[in-house]
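For the sequence shown, the working numbering begins at 1 and goes up steadily by one.
Cβ coordinates follow ideal geometry from the N, Cα and C atoms, glycine included.
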Amino acid sequence: MSVLKQPPLRVIFAGTPEFACSSLAALLSSHHAVVAVLTQEDQPHGRGLKTTPSPIKQLATIHQVPVLTPASLKHHAVQAQLESYAPDLLVVVAYGKLLPLPILNLPPYGCLNVHASLLPRWRGASPIQQAILHGDTQSGISLMQMSLGLDEGPVLAQAPLALTPTETAQSLHDKLAILGANLLIETLADLPAQLKKAAPQPTQGVTYAPKITKTDGGIHWESTAQQIDQQVRAFTPWPTAYTQLNQTLVKIHAAQLAIQHSSEPAGTIVAHTDHGIVVQTGAGCLEIVSAQLPGKKRMSMTEVLRGHQALFQVGTILGK
Numbered sequence: 001m002s003v004l005k006q007p008p009l010r011v012i013f014a015g016t017p018e019f020a021c022s023s024l025a026a027l028l029s030s031h032h033a034v035v036a037v038l039t040q041e042d043q044p045h046g047r048g049l050k051t052t053p054s055p056i057k058q059l060a061t062i063h064q065v066p067v068l069t070p071a072s073l074k075h076h077a078v079q080a081q082l083e084s085y086a087p088d089l090l091v092v093v094a095y096g097k098l099l100p101l102p103i104l105n106l107p108p109y110g111c112l113n114v115h116a117s118l119l120p121r122w123r124g125a126s127p128i129q130q131a132i133l134h135g136d137t138q139s140g141i142s143l144m145q146m147s148l149g150l151d152e153g154p155v156l157a158q159a160p161l162a163l164t165p166t167e168t169a170q171s172l173h174d175k176l177a178i179l180g181a182n183l184l185i186e187t188l189a190d191l192p193a194q195l196k197k198a199a200p201q202p203t204q205g206v207t208y209a210p211k212i213t214k215t216d217g218g219i220h221w222e223s224t225a226q227q228i229d230q231q232v233r234a235f236t237p238w239p240t241a242y243t244q245l246n247q248t249l250v251k252i253h254a255a256q257l258a259i260q261h262s263s264e265p266a267g268t269i270v271a272h273t274d275h276g277i278v279v280q281t282g283a284g285c286l287e288i289v290s291a292q293l294p295g296k297k298r299m300s301m302t303e304v305l306r307g308h309q310a311l312f313q314v315g316t317i318l319g320k
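Here it is as structure tokens:
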């Protein structure tokens, strides 16, 4: 006996960055109809600050899906335009704008959000980075029915994912993007039943993931080696952890916990190794294995040392 599928839904998709592309691509490959796409306005990008469409806009354009980039969703004209598409459902994945109540109430099946954490942990803008920054051993995807509160709506489905000790924001981003797309399609296969089973989020265990800024990458060497390692991995590839050395900004792209022991002050380079340099922290040592100097490309630390041995002498203190 064949399994009945959810009849095709008319879907408006709202998303902006690369993370959202897996979910949009999955919808475009399904039997559902993506009738329009909402995304952020084109933004300056790169050294030349060339105006560039979002990854979602690029994908939607390839598939000839109408794209809307309103500066605000509060205008009646924008809301009327969305209503004209007669959507059954609005799917939101890292869109970057809050949805006002008229839009939340527009589709018969409401608005679903694919969120990159196991809610209620890490509500907000940077759940991937915060999970690594705080040493979580587990992350995952939550499919949530949206409300006016920040990621506070009832949860339809969740998919957990164990984190590896070397997980970076990039590797976790890629895994969760695929996991989220799969969970979305599975849930839409029987959406009315899934909506009936949606459960309110528990009041215990709520944490918030604020927006990341470039200054968050600044390393405080008084932190533990474990904390700095987590910071380096959480901010790969952006905004990248960094430190100062003789008024030179040094970006740290990769590091690992070191077995060396030292009584030197935090931030002191205590050894050179076959892989890089070892730095004393507030507790334990950290080995820097990949770095980048101003105007240079990312290199292994051994490559950096070949041209800048004097800058990274043993006894030099980072952070000054």
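query, result
"Would you check if the distance between the CB atom of Asn113 and the CB atom of Val92 is smaller than 7 Å?", "yes"
"Just the Cα atoms here: how many angstroms apart are Val78 and Pro70?", "7 Å"
"When the Cα of Leu245 is compared with those of Gln227, Ile228, Ala234 and Gly267, which residue comes out closest?", "Gly267"
"Kindly indicate which three-state DSSP category Gly140 falls into: helix, strand or coil?", "strand"
"With DSSP run on the structure shown, which of helix, strand or coil describes His308?", "helix"
"For Ser147, which option in Leu183, Pro100 and Leu119 has the closest C-alpha, if you only look at C-alpha atoms?", "Pro100"
"Do Ser142 and Gln129 have their C-beta atoms closer together than 7 Å?", "no"
"May I ask you to report which of helix, strand or coil DSSP gives Pro160?", "strand"
"Roughly how many angstroms lie between the CA atoms of Ser2 and Val11, to the nearest whole one?", "Because Ser2 sits at a pLDDT of 39, beneath the cut-off of 50, its placement in the model cannot be relied upon, and the following sentence gives the value as read from the coordinates. Each residue's alpha carbon lies about 25 Å from the other."
"If you draw a straight line from the C-alpha of Arg306 to the C-alpha of Thr236, how long is it?", "24 Å"
"Hey, would you say Ala225 sits closer than 7 Å to Gly284, going by beta carbons?", "yes"
"Around the Cβ of Pro265, are there at least 16 other Cβ atoms within 10 angstroms (buried) or fewer (exposed)?", "exposed"
"Taking only the alpha-carbon atoms, compute the straight-line gap between Thr166 and Gln230 and give it to the nearest angstrom.", "9 Å"
"Rounded to the nearest angstrom, what separates His220 and Val232 at their Cα positions?", "12 Å"
"By Cβ distance below 7 Å, which residues in the same chain neighbour Ala234 in space, the five residues on each side in sequence not counted?", "Gln129, Ile132, Leu133 and Ala169"
"Can you list, in chain order, the residues of its chain whose CB lies under 7 Å from that of Leu4, leaving out five sequence neighbours each side?", "In this prediction, Leu4 has a pLDDT of 47, which is less than 50 and means its spatial position is unreliable; nothing more can be read from the coordinates."
"Please determine if the stretch 32-39 and the stretch 110-127 are in contact, where contact requires at least 3 C-beta pairs separated by less than 8 Å.", "no"
"Taking only runs that begin and end inside the stretch 217-295, name each unbroken alpha helix (DSSP H) of 4 or more residues, in chain order.", "225-234"
"Nearest to Tyr242 by CA position, among Gln260, Gln201, Ile288 and Tyr208, is which residue?", "Ile288"
"Taking 6 Å as the cut-off, does the CB of Gln79 come closer than this to any heavy atom belonging to the ligand ZN?", "Ligands in the displayed structure: none, and consequently the ligand ZN is not present."
"Please report the Cβ distance between Leu90 and Pro107, rounded to the nearest whole angstrom; I am assuming they are in contact, meaning their Cβ atoms lie under 8 Å.", "5 Å"
"Give a yes or no on whether the C-beta atoms belonging to Leu24 and Leu59 are separated by under 7 Å.", "yes"
"So the candidates are Cys21, Leu156 and Pro127; which of them puts its Cα closest to the Cα of Val210?", "First, the amino acid is wrong: residue 210 is Pro here, not Val. Of the candidates Cys21, Leu156 and Pro127, the one whose C-alpha sits nearest the C-alpha of Pro210 is Pro127."
"Kindly give me the distance between the Cβ atoms of Leu38 and Asp88, rounded to whole angstroms, as I take these residues to be in contact under 8 Å.", "Actually they do not touch by this definition, with Cβ atoms about 16 Å apart."
"Which residue marks the beginning of the alpha helix (DSSP H) containing Val78, and which one marks its end?", "His76 to Ser84"
"Short check: CB of Phe19 to CB of Ala271, under 7 Å?", "no"
"Quick one, which of Pro120, Gln64, Val304 and Ser139 has its alpha-carbon nearest Val206's?", "Pro120"
"Mind checking whether Tyr85 and Thr16 have CB atoms under 7 Å apart?", "no"
"Which residues in the same chain as Lys251 place their Cβ atom closer than 6 Å to its Cβ, once the five residues preceding and following it in sequence are excluded?", "Thr240, Tyr242 and Gln292"
"Within the same chain, show all residues whose beta-carbon is closer than 7 Å to that of Leu150, passing over the 5 residues directly before and after it, in chain order.", "Arg123 and Gly124"
"Got a sec? Which residues, its chain only, sit under 7 Å from Pro53 by beta carbon, not counting five neighbours each side?", "Asp42"
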